[in-house]
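In our numbering, the protein residues as written are 5 to 360.
So this is what it looks like as structure tokens:
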């Protein structure tokens with residue numbers, strides 16, 4: 005039976021595009037709305053955006069069961085590939101590719117200062133591997149659901165420790181000044197706190213109502229709220245970006261070029277490495293896809309905290325949302341079309357390895 009995405013996930017790029025149009029419209033014809041929202045700030049953090057981003061991130065964190073980490077022993081190669089690609093290759097390749105295109109290839113179309121902000125946004129995307137949509141990509145490629153959960157859980161732990169130092173290092177190379185304490189504070193707000201809240205919620209709900217209620221009732225309900233949070237966030241973001249976009253609509257196309265190339269490159273590295281290292285397809289596919297996609301909710305939130313709502317860095321992270329779904333669906337198709345190659349070489353889990 006052919007697997008399908010739900011209605012929202014399947015047409016995410018369309019909803020994003022509609023929210024961009026709605027946001028631009030609000031910013032152009034009702035500027036009082038973004039002007040009023042901009043007044044609600046604390047320590048350079050937009051409180052309305054912070055609330056909405058929490059609504060996006062918390063339900064995703066709630067899906068993560070950290071007790072699955074003990075299952076790493078089933079196929080340690082897959083997790084090793086995920087960690088190396090996500091943290092030692094992806095952030096740096098993103099910087100190199102985005103710098104090459106935005107500062108060199110497209111130099112005649114982008115002012116230097118604007119290009120630097122776009123590169124900063126790309127770096128924020130590159131340093132944040134996916135934690136939510138990867139469950140969808142894994143499902144569509146018959147990925148091992150338990151092992152995918154392990155990969156996501158471990159990556160979320162690494163994000164807390166590695167995201168801020170890597171981003172700070174790469175932005176300094178690009179001559180973008182970023183206060184490390186602000187960056188670290190953003191990670192605490194948007195990673196640590198929702199993660200702790202989700203862990204406590206999981207324990208409490210499982211104790212009172214059981215795991216089935218958590219997975220089949222609570223998480224699906226909260227996921228709908230997460231969807232609303234994403235769409236409202238995009239409308240607000242683009243209400244601040246309206247004038248900039250109307251003057252520079254070509255910039256969205258230019259930003260998308262390095263982001264798309266980076267996505268295909270990272271997938272190819274993880275997927276081919278898995279193949280030559282004889283990792284089962286059910287693990288190889290999510291291992292490659294988790295690096296190819298991005299934790300754009302975190303990237304958007306940190307970009308806002310560091311550079312402000314109307315910055316080019318925020319625009320770049322949102323373009324990442326716009327292009328992600330169609331590009332990732334193409335990678336899902338590639339993964340499904342090449343599954344037979346893994347089977348041909350008998351790269352499969354042994355029966356005893358499938359058992360918990």
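Glycine included, every Cβ here is placed at the ideal spot set by N, Cα and C.
Excluding sequence positions up to five before and after residue 24, its CB lies within less than 8 Å of the CB of 238, 242, 249, 322, 326, all in the same chain and listed in chain order.
Following the DSSP letters along the chain, one finds residue 208 inside the alpha helix (DSSP H) bounded by residues 197–212. According to the DSSP secondary-structure assignment, residue 45 is paired through a beta bridge with 50. A straight line joining the alpha-carbon of residue 217 with that of residue 112 spans about 56 Å.
Between residue 272 and residue 82, the gap from beta carbon to beta carbon reaches 8 Å or more.
Between the segment 124–132 and the segment 329–342, the count of Cβ pairs shorter than 8 Å is below three; the stretches do not touch. The beta carbon of residue 304 sits closer than 6 Å to those of 321, all from its chain and outside the five residues before and after it, given in chain order.
With a cutoff of 8 Å on beta-carbon distance, residue 174 and residue 95 are scored as near each other.
Within the same chain, Cβ atoms closer than 6 Å to the Cβ of residue 266 are found at 98, 101, the five residues on either side in sequence being excluded. Residue 169 sits in a helix when the DSSP states are folded into three classes.
Taking a contact as a CB-CB distance under 8 Å, the pair residue 147 and residue 262 does not count as one, their CB atoms being some 27 Å apart. At a Cβ-Cβ threshold of 8 Å, residue 307 and residue 317 count as neighbours. Annotated as distal: residue 309 and residue 332, with beta-carbon spacing of 8 Å or more. DSSP, reduced to helix, strand and coil, places residue 112 outside both helices and strands of the structure shown, so it counts as coil. In this structure, residue 66 places its C-beta atom within 8 Å of the C-beta atom of residue 202. Cβ atoms of residue 156 and residue 138 come within 8 Å of each other, at about 6 Å. For residue 133, the secondary structure class from DSSP, reduced to helix, strand or coil, is strand.
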